Amino acid sequence: MNTTGIAGPRWRRRTWTIGAAVLTALMVLVAACGDSTDGAEQDISATAECDAEPVILTTEDGVEFVRTPDSCFEDLPDFPFEPNYVEIDGLRQAYVDEGPADGEVVLLLHGQPSWSYLYRDMIPVFADAGYRVIAMDHLGMGRSDKPIDIEDYSYVGHADRLERFIEDLGLTDINVFVQDWGSLIGLKVAGENPDLFATIAVGDGALQPVPEGIELFPPVANPNEIVDIPSRFAAMPAQQVPFYDGCEPIFGGLGEGYFGDWMVYAMTAESFHASEVVEAMTWFDLTPEEEAAYDAPFPSRTYMAGPRVFPSLVNQLGGNTIEAWNGLTSFEKPFLTLWASNDPGQLGACETQQQLIDNIPGAAGQPHDRLPEASHFLQDDQGTEIANRLVDWYDNLDEEPAGATQGEERVGYELLQIQDDGTIWAWIANDMTQAQFDALELPSGWLKNQPREGVPDASQFNGSPGNDGVLLEEEHFGFKWFHS
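All residue numbers for the sequence shown refer to the numbering used here, where the first residue is 238 and numbers rise by one.
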């Protein structure tokens, strides 16, 4: 068993290290108080269970794991949702399942080191709008089972479990929202299984086509010389200050090379708590109760193999993302990006968002945006706003584009305009039918260029903006055309 960086002293024994004598005195006091202290007795019992030494369980395949006691999740603020479980290879995968059972499916995938609690503000919005909303906890996170050996976690393994999860629940026509590691996992599954998904929305996430054999972040040569991650987190105040003016950095951020340091810190540091990461990477301050909720799945270091190893899985992307990326570059169903405007990491960069917009056909014409007062964990900062935007987006996807005839497929059309200096401009539109395109009578200097790729979902073309961020739009011959 390889538990490098996992074994070690417990770090959450604050309550009970006062000693057995004090615990005994407390229990005697509770007993002396009679029925009026039933609630206090239950609280002590629940805390004791959560702080007890973990019970090591084993699957039939020999995977050793722990299961966070239910008592650790009692009284979480704004999270009244009952857990559900599906067993995959002897390990429980936890999920929240709210809203009407026959509603259109919205699947929410979190990243590291968070869990479905991150979606507490979004779940009610979808459910109230009539959607069946499912928020899954990745293996080793949230209420899901937690193998204690870091070798039992892999990038492909997480993706395979998500596929199995979707299959076991019988989910189809999925509207998925992904963020952080939820994007690296969710976009892999979506790119390889596009028929399962109706729409894709991404917040501060990515998927890159990494060739086999490429290691994005080689091991740090001397872990003792890495930059102090806690100091970096401490330098980011609870109420964040702006890191960007639009896409231009104002100052700081995490800087280049931070991710290699983060990998080492997550794997080895005694002081690593999920809450400190979420707190540092949100715009608004978390309450103590919210911080405790992010730490709830991990009552001791033994439970933390999953979040500790997650950053290092980035070096397993090589050769495992190309098929998915190729699938995404052919994905013509609606694809939306909603980014945080104040994420100091690389996933929050404008170019990361733009790479998806530029390369995925379904991103054309969608209301992409960067949200103010939001950092990396934008669901915590702007969850209600994001959910409301997504509901509006879903509800308006079936609206017929102007200039289209009901029941006819719209395809992309291109006109070539010869300029006075001999250059040729390409103008593209797809909010028209073949008959309308054929009927166009063009003056001298204009040519039709066909065929262009079909757009079955009838979304309007708006291409990728130029370097100035503005796409030239003009009306010609009764239709809107975009200069690409």
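C-beta atoms are modelled at their ideal positions from N, C-alpha and C, and glycine is treated no differently.
Remember, predicted model here, so these are calculated numbers, not experimental data.
- prompt: What did DSSP end up calling ASN625 once you bin it into helix, strand or coil?
  reply: helix
Local Cβ density within 10 Å of TRP499, reported as buried at 16 or more and exposed below that: buried
- prompt: Can you round the beta-carbon distance between LYS425 and LEU406 to whole angstroms, since I take them to be within the 8 Å contact cut?
  reply: LYS425 to LEU406, Cβ: 18 Å. No contact.
message: With distance defined between alpha-carbon atoms, name the residue in LEU584, ASP617, LYS570, THR621 nearest to ILE597.
response: For ILE597, the nearest C-alpha among the options comes from LYS570.
message: Quick check: what's the CA-CA separation for TRP352 versus HIS375?
response: 8 Å
- request: Compare the C-alpha of ASN579 against each of LEU677, THR566, ALA517 and name the closest.
  value: ALA517
query: Where does TRP662 land, buried or exposed, given buried means 16+ other C-beta within 10 angstroms?
result: exposed
- request: Return the chain-ordered list of same chain residues with a C-beta closer than 8 Å to the C-beta of GLY327, the five sequence neighbours on each side being excluded.
  value: Non-local beta-carbon contacts of GLY327 in its own chain, meaning distances under 8 Å to residues more than five positions away in sequence, involve THR296, GLU297, ASP298, VAL300 in chain order.
task: Below 8 Å on the Cβ atoms is my guess for ASN412 versus VAL343; work out the distance and round it to an integer in Å.
output: 5 Å
- prompt: Using the rule of at least 16 other Cβ atoms within 10 Å of the residue's Cβ for burial, across every protein chain shown, is LEU679 buried or exposed?
  reply: exposed
Under 7 Å between C-beta atoms of HIS605 and ILE623: no
message: Taking DSSP's pairing of strands, which residues face PHE414 in a bridge?
response: LEU345, ALA438
Reference LEU565; option with closest CA among PRO448, ASP386, ASN430, GLU290: Measuring from the Cα of LEU565, the nearest candidate turns out to be ASN430.
message: I'd like to know whether the C-beta atoms of VAL333 and TYR540 end up nearer to each other than 7 Å.
response: no
- prompt: When you compare only the Cα positions, how much space is there between ALA503 and ILE655?
  reply: 58 Å
- request: In angstroms with no decimal places, state the Cα-to-Cα distance between GLY543 and GLY348.
  value: Rounded to whole angstroms, GLY543 and GLY348 show a C-alpha spacing of 11 Å.
- request: Take VAL447 as the anchor and find which of LEU608, TYR631, GLN553 has the nearest alpha-carbon.
  value: Ranked by Cα distance from VAL447, the first of LEU608, TYR631, GLN553 is GLN553.
query: Taking C-alpha atoms, which residue in TRP718, ARG380, ILE403 lies nearest to ALA318?
result: Note on identity: in this sequence residue 318 is Phe, with Ala being the wrong assignment. Here the closest residue by C-alpha is ARG380.
task: May I ask which residues mark the beginning and end of the beta strand (DSSP E) holding ASN552?
output: Note, ASN552: premise wrong, no beta strand (DSSP E); not H, not E.
field: Check whether SER508 and ASP532 have beta carbons under 7 Å apart
entry: In this structure, ASP532 does not lie closer than 7 Å to SER508 by Cβ.
message: Do THR519 and ASP358 have their beta-carbon atoms positioned less than 7 Å apart in this structure?
response: no
message: I need the straight-line Cα distance from CYS484 to GLY585, nearest angstrom please.
response: Answer to the nearest angstrom: the Cα atoms are 10 Å apart.
task: Give the single residue among TRP418, GLU452, ILE451 whose Cα lies nearest to the Cα of ASP441.
output: TRP418
- prompt: Bridge partners of ILE559, per DSSP?
  reply: According to DSSP, residue pairing for ILE559 in a beta bridge does not occur.
task: State the start and end residues of the unbroken alpha helix (DSSP H) segment that holds THR589.
output: 587-596
field: Within the stretch 506-531, ranges of the alpha helix (DSSP H) (whole runs, at least 4 residues)
entry: 511-517
message: Measuring straight from C-alpha to C-alpha, what distance separates ARG726 and GLU610?
response: With the chain running from 238 to 721 in the structure shown, residue 726 is simply not present.
query: What's the gap between the Cα of GLU341 and the Cα of GLY428?
result: The alpha-carbon atoms of GLU341 and GLY428 are separated by roughly 20 Å.
Assigned secondary structure, SER359 (DSSP; H/G/I helix, E/B strand, else coil): Going by the sequence as given, residue 359 is Met instead of Ser. Of the three classes helix, strand and coil, the one that applies to MET359 here is coil, per DSSP.
Beta-carbon proximity list for MET378, same chain, < 8 Å, skipping 5 on both sides: HIS347, GLN349, PRO350, SER351, TRP352, PRO534, GLY543, PRO544
8 Å contact criterion, which PRO320 and ALA331 should meet: CB distance rounded: Contact check for PRO320 and ALA331: beta-carbon distance about 5 Å, within the 8 Å limit, so the pair qualifies.
Contacts around GLY599, its chain only, beta-carbon distance under 6 Å, and the 5 residues preceding and following it disregarded: PHE568, GLU569, LYS570, PRO571, PHE572
message: I'd like to know whether the C-beta atoms of PHE224 and ALA438 end up nearer to each other than 7 Å.
response: This structure cannot settle anything about residue 224, because the visible part of the chain is limited to 238 through 721.
task: Decide if ILE293 is buried, meaning its Cβ has at least 16 other Cβ atoms within 10 Å, or exposed.
output: exposed
task: Could you name the residues of the same chain whose beta carbon sits closer than 8 Å to that of GLY644, not counting the 5 residues immediately before and after it, in chain order?
output: With a pLDDT of 40 at GLY644, under the threshold of 50, the predicted position of this residue should be treated as unreliable, though the coordinate-derived value follows. Cβ within range, chain order: n/a, list empty.
- request: Use the C-beta contact count for GLY367: other C-beta atoms within 10 angstroms, 16 or more gives buried, fewer gives exposed.
  value: Classification of GLY367: exposed, given that the 10 Å Cβ count is below 16.
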